[in-house]
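So the structure is just underneath, and the comments pick up after that.
Number of protein chains: 2
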Amino acid sequence: MDIKEFYDYYREIAQYQNVAALVEWDMRTKMPPKAAADRSMVAGKLGRTAFEMMTSPRMGAFVEFFNRPSIASQLNETDHRNVALVTKQYRKVSAIPADRFEAFIVACSRGEHVWQEAKGKSDFGMFLPCLEEIIGFEKEFVEYEGYEQNRYDALLDDYEPSMTTAELQSIIDGLKQELVPFIRQLQEHGTRPDTSFLAGTFPVSEQAQLSRDVLTAMTYDFGAGRIDETEHPFTTSLGVGDVRVTTHYYEHDLMSALFSTMHEGGHGLYEQGISEEYHWMPLHRAASMGVHESQSRTWENLVGRSEAFWRFYYPRLQGRFAQFRDVPVEDFYKAINVVEPSLVRIEADEVTYNLHIMLRFEIEEALIGGRVQAADLPRFWNAKMKEYLGVEPPDDAHGVLQDVHWAGGMFGYFPSYMLGNLYAAQFFAAAREAIPNLDEELAAGHLSVLREWQRSNIHACGALYDPKDLLVKVTGKPLDYHPFMDQVRAKYGRIYGIVERERD
Amino acid sequence: MDIKEFYDYYREIAQYQNVAALVEWDMRTKMPPKAAADRSMVAGKLGRTAFEMMTSPRMGAFVEFFNRPSIASQLNETDHRNVALVTKQYRKVSAIPADRFEAFIVACSRGEHVWQEAKGKSDFGMFLPCLEEIIGFEKEFVEYEGYEQNRYDALLDDYEPSMTTAELQSIIDGLKQELVPFIRQLQEHGTRPDTSFLAGTFPVSEQAQLSRDVLTAMTYDFGAGRIDETEHPFTTSLGVGDVRVTTHYYEHDLMSALFSTMHEGGHGLYEQGISEEYHWMPLHRAASMGVHESQSRTWENLVGRSEAFWRFYYPRLQGRFAQFRDVPVEDFYKAINVVEPSLVRIEADEVTYNLHIMLRFEIEEALIGGRVQAADLPRFWNAKMKEYLGVEPPDDAHGVLQDVHWAGGMFGYFPSYMLGNLYAAQFFAAAREAIPNLDEELAAGHLSVLREWQRSNIHACGALYDPKDLLVKVTGKPLDYHPFMDQVRAKYGRIYGIVERERD
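Chains as they are written, first to last, in our numbering: chain A, 57 to 560; chain B, 57 to 560.
Structure follows, in structure tokens:
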């Protein structure tokens with residue numbers, strides 16, 4: 057058996073996945089509505105084909121052969137990692153009986169549908185039976201897949217390889233202790249920036265040009281990508297040379313589109329930057345969802361909401377939208393950095409965002425661990441919102457029903473968002489050390505300086521390293537929430553006019 | 057064996073074909089350039105999968121079983137026709153050795169590439185070896201497939217089922233005898249309409265709105281379709297509920313986009329109108345390429361270049377483009393109906409168009425019959441252009457190299473264009489009989505009256521009938537070129553101010 061055969065076989069799977077991704081992209085961006093039912097069926101068929109190839113006896117034979125010590129020891133680093141990634145996935149996926157997996161997919165498909173309606177009516181009871189069924193599947197699958205200490209480990213690992221619940225819990229405990237009082241301090245003693253001049257009417261066609269312009273400035277390659285409009289922005293890779301992003305445009309909210317575009321552009325740069333050496337290989341993907349999110353957060357928050365970036369970009373914005381001509385850049389910078397505890401995760405600012413995630417993580421972990429029942433969720437949710445953010449949802453639509461993830465069976469995904477924020481801060485601190493004049497470069501519009509650092513340190517590697525190994529390799533340290541807190545304290549302390557006491 | 061199994065199996069093929077069509081649509085409309093190589097490979101893979109399923113032993117078993125007299129006699133009309141369509145295709149396709157078919161696909165792929173370059177350089181010699189290879193394949197395949205009288209019958213049948221070379225030749229002989237002198241008469245004795253007011257600058261965004269508006273007026277269903285821009289307009293069906301058209305916009309040529317849109321819209325109405333009863337069946341397609349073209353030609357020429365339509369639509373055009381405000385509708389109508397022998401088929405008017413096709417048919421038939429060699433084509437082409445149209449190509453780019461069809465291995469396709477014109481006139485004459493006030497309806501903007509007639513008589517049937525049976529069913533007569541000549545004589549005689557002598 058030659059490693060080339062393995063790659064040839066995997067390429068076919070990847071091709072099906074690319075086509076499935078195209079079908080999905082088209083469904084979300086271009087497809088006329090009357091095609092939905094048939095196209096879903098076709099998408100399911102493509103997914104099943106890829107699943108079947110991934111769990112086939114032939115794949116089993118590859119896994120068995122290339123994991124033999126005598127064979128494995130002769131593989132080079134790339135081949136070794138490709139085999140390891142596929143082996144892990146093969147073992148996970150083939151541990152689940154095919155009919156149970158299919159039943160799960162059906163339950164999630166129905167779940168998303170019911171959730172949509174239940175959210176519209178703000179009726180948690182309507183969604184509850186679906187949610188219970190899906191949680192049942194999650195618990196069942198966790199047993200098939202196995203775990204070392206905590207059931208939730210198996211779910212976490214789907215999105216953040218090798219991350220454990222215990223590690224995550226310890227990070228959260230530390231972060232929470234610093235973040236909650238800091239937010240209170242901002243609220244109680246800080247001066248909220250004026251945001252009145254952000255209101256206005258911004259023609260969609262102008263916004264679309266702005267989005268293209270900012271992506272170009274970020275060195276996003278339009279020869280290997282494109283931008284379209286969708287209600288919920290997303291990024292998708294259809295393979296090497298085809299990484300597509302979307303954004304949304306609201307006529308009365310200019311910054312929403314711009315930050316969405318920079319966020320998705322950050323994801324896009326990651327996918328566009330994976331080494332072509334890994335073309336059609338298992339390695340040709342991001343290290344994890346958390347690392348992916350770190351790149352989007354970097355561009356959205358650490359660049360897009362930075363003073364340095366706006367020193368460069370503000371004149372361009374002013375040229376396009378006359379209402380900013382008399383607003384000083386410093387005021388603008390403060391206005392786009394308002395901190396406000398809010399009910400809805402996707403509207404949360406850079407500082408409060410992580411609290412939304414902690415709450416979800418704690419709920420998921422307790423659900424999977426059986427210490428909380430689905431029926432208790434609204435109460436549990438509302439209590440934690442009050443505790444962490446000091447706000448109380450007026451109804452379940454703005455509370456426990458706000459996200460689609462559980463309806464879609466994506467337990468274990470939420471922590472990626474928080475990890476993304478923490479990784480971003482830690483990577484960015486390393487980038488600052490490597491590029492001492494980083495702020496000047498950004499202020500001069502040389503965004504490629506940052507992008508090149510990201511590419512060579514993070515993007516190009518694809519999934520060659522587990523995220524924790526990548527983090528140590530790039531930053532010299534394991535995951536640590538302090539870079540995030542340091543960055544947030546420095547930035548928002550200044551914006552809100554708070555002099556921080558010396559920390560011990 | 058149950059007919060349901062046959063349909064289930066065919067549905068899978070149709071699903072692959074739909075996905076392949078989506079990939080193709082995306083390649084032509086949205087795909088970033090750097091994805092081209094990989095996506096071609098994936099498109100090839102999907103096509104091969106559908107091909108393999110179409111020629112599989114399982115398909116062979118279906119064909120054998122449902123063609124047994126004892127079984128076939130129990131099928132209803134729909135099932136019977138579905139089996140017949142698949143049987144015909146199965147026998148054709150599986151007669152060709154798979155490796156020869158693949159070699160042909162490769163030759164065509166290279167052929168299109170070389171043709172592109174050769175056309176750019178106007179260098180027929182560069183393209184000649186490819187063309188010879190492709191013609192070699194065509195001759196070889198014709199022998200596998202078999203034919204009754206003329207080798208060319210087998211090729212013609214791919215696009216126009218059951219049409220023979222002899223029939224086509226006889227139609228052409230008659231039509232040519234009337235058409236060539238009529239064009240000469242227009243040129244020599246007619247008064248060419250003034251077209252000066254068509255010149256101008258027409259913003260693309262305005263043209264795009266116009267195209268959407270005219271499609272809506274034609275009752276094209278945007279809930280089951282969309283319009284995009286491409287250099288070469290086309291229509292594609294991605295299945296029930298998803299029929300997409302494209303058009304092109306030239307800033308200095310308003311009518312080009314509008315007629316392209318109406319042309320593709322006519323194709324689109326056909327696909328959107330096929331009965332949903334035939335969902336996922338072999339029947340769910342047009343009767344033939346010629347019948348397809350008849351629907352596009354009807355909307356482009358018989359509606360889009362008619363006086364009745366412009367009585368309805370001209371005020372809308374004037375509302376959008378101020379330059380027409382002082383131009384009477386009669387002058388406009390004449391201007392969009394100029395007859396001018398020209399070098400290039402795709403720029404040809406309604407009257408001279410068929411001559412471009414006759415020439416191509418005669419060349420193809422002679423090539424496949426071995427009476428003309430590929431090397432002689434430029435001479436042969438130029439001589440016929442002179443004879444039929446009175447023009448001489450200055451170079452091969454504007455002559456024998458102008459079309460992609462031969463490079464793509466599409467021998468037998470060209471006659472569809474001419475048949476489309478003839479069918480269109482014959483169908484339209486029948487529609488006029490069925491709807492005596494058709495002109496008034498069109499002039500009142502009730503385009504749905506025509507569309508409903510087309511739908512119930514032509515579109516809904518899908519491929520239930522062979523084109524010649526459909527023609528007799530709808531018009532009461534076999535194919536006849538006189539409705540075309542009558543329509544052209546009446547219309548252009550009036551526009552060019554020619555009083556025709558009474559024909560005997």
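All C-beta atoms in this analysis are idealised placements derived from N, C-alpha and C, irrespective of residue type, glycine included.
These numbers were taken from a predicted model, which means no experiment stands behind them.
Assigned with DSSP and collapsed to three states, residue 286 of chain A falls in coil, not helix or strand. The C-beta of residue 424 of chain A has 16 or more other C-beta atoms within 10 Å across all chains shown, which makes the residue buried. In the three-state DSSP reduction, residue 119 of chain B falls in the helix class (H, G or I). For chain A, the residues of the region 58-92 of chain B that bring a beta carbon within less than 8 angstroms of one of its beta carbons are 68, 71, 74, 75, 78, 79, 82, 86, 87, 88, 89, 90, 91, 92, in chain order. When CB distances to chain B are screened at a threshold of 8 angstroms, not a single residue of the region 324-354 of chain A falls below it. In the three-state DSSP reduction, residue 112 of chain B falls in the coil class, being neither helix nor strand. If you draw a straight line from the Cα of residue 440 of chain B to the Cα of residue 448 of chain B, it comes to about 9 angstroms. The beta carbons of residue 98 of chain B and residue 98 of chain A sit no closer together than 8 angstroms.
Annotated three-state conformation of residue 293 of chain A is strand, per DSSP.
Taking residue 445 of chain A as the centre and dropping the five residues before and after it, the same chain places the C-beta of 397, 408, 411 closer than 7 angstroms to its C-beta, in chain order. Contact between residue 539 of chain B and residue 481 of chain B holds: CB atoms are separated by about 4 angstroms, below the 8 angstroms threshold. Of all residues in the region 238-265 of chain A, none is placed with a Cβ closer than 7 angstroms to any Cβ belonging to chain B. DSSP, reduced to helix, strand and coil, places residue 181 of chain B within a helical segment of the structure shown.
When 9 angstroms is used as the limit between beta carbons, residue 519 of chain B is near no residue of chain A, the shortest such separation being about 19 angstroms.
Distance between residue 156 of chain B and residue 362 of chain B, taken at the CA atoms: about 48 angstroms. The beta-carbon separation of residue 87 of chain A and residue 298 of chain B, rounded to 7 angstroms, stays under the 8 angstroms limit for a contact.
Going by beta carbons, residue 499 of chain B and residue 91 of chain A fall outside the 8 angstroms limit. Counting only Cβ-Cβ distances below 8 angstroms, residue 278 of chain A has contacts in chain B at 88, in chain order.
Chain order gives the chain B residues near residue 102 of chain A as 75, where near means a beta carbon separation below 8 angstroms. At a cut-off of 8 angstroms between C-beta atoms, residue 282 of chain A counts as an interface residue with respect to chain B. Listed by position along chain B, the residues whose Cβ is nearer than 9 angstroms to that of residue 295 of chain A are 91, 94, 95, 98. Setting aside the 5 residues that flank it on each side, residue 236 of chain B is surrounded in the same chain by 411, 444, each with a C-beta closer than 8 angstroms to its C-beta; the list follows chain order.
Taking residue 379 of chain B as reference, the option from B:252, B:214, B:267, B:335 with the minimal CA-CA separation is B:252. Taking residue 323 of chain B as reference, the option from B:103, B:529, B:132, B:515 with the minimal CA-CA separation is B:515. Within chain A, no residue has its CB atom less than 7 angstroms from the CB of residue 525 of chain B, the nearest being about 30 angstroms off. By the neighbour-count criterion, in which 16 or more other beta carbons inside 10 Å mark a residue as buried, residue 292 of chain A falls on the buried side. At the C-beta level, residue 473 of chain A and residue 527 of chain A stay beyond 8 angstroms of one another. Secondary-structure assignment with DSSP links residue 300 of chain B through a beta bridge to B:282, B:292.
For residue 365 of chain A, the enclosing alpha helix (DSSP H) begins and ends at 363-376. In this structure the region 536-551 of chain A does not touch the region 58-71 of chain B; the number of beta carbon pairs closer than 8 angstroms is below three.
Of the residues A:192, A:417, A:429, the one whose Cα lies closest to the Cα of residue 227 of chain A is A:417. Under the DSSP assignment, residue 541 of chain A falls in the alpha helix (DSSP H) whose first and last residues are 538-551.
Contact annotation: in the region 288-319 of chain B, residues whose CB is within less than 9 angstroms of a CB in chain A are 294, 295, 296, 297, 298, 299, 300. Residue A:301 holds the alpha-carbon nearest to the alpha-carbon of residue 268 of chain A among A:301, A:287, A:249.
In terms of Cβ geometry, residue 190 of chain B and residue 437 of chain B do not form a close pair [threshold 8 angstroms]. Straight-line measurement puts the Cα of residue 121 of chain B at about 44 angstroms from the Cα of residue 85 of chain A.
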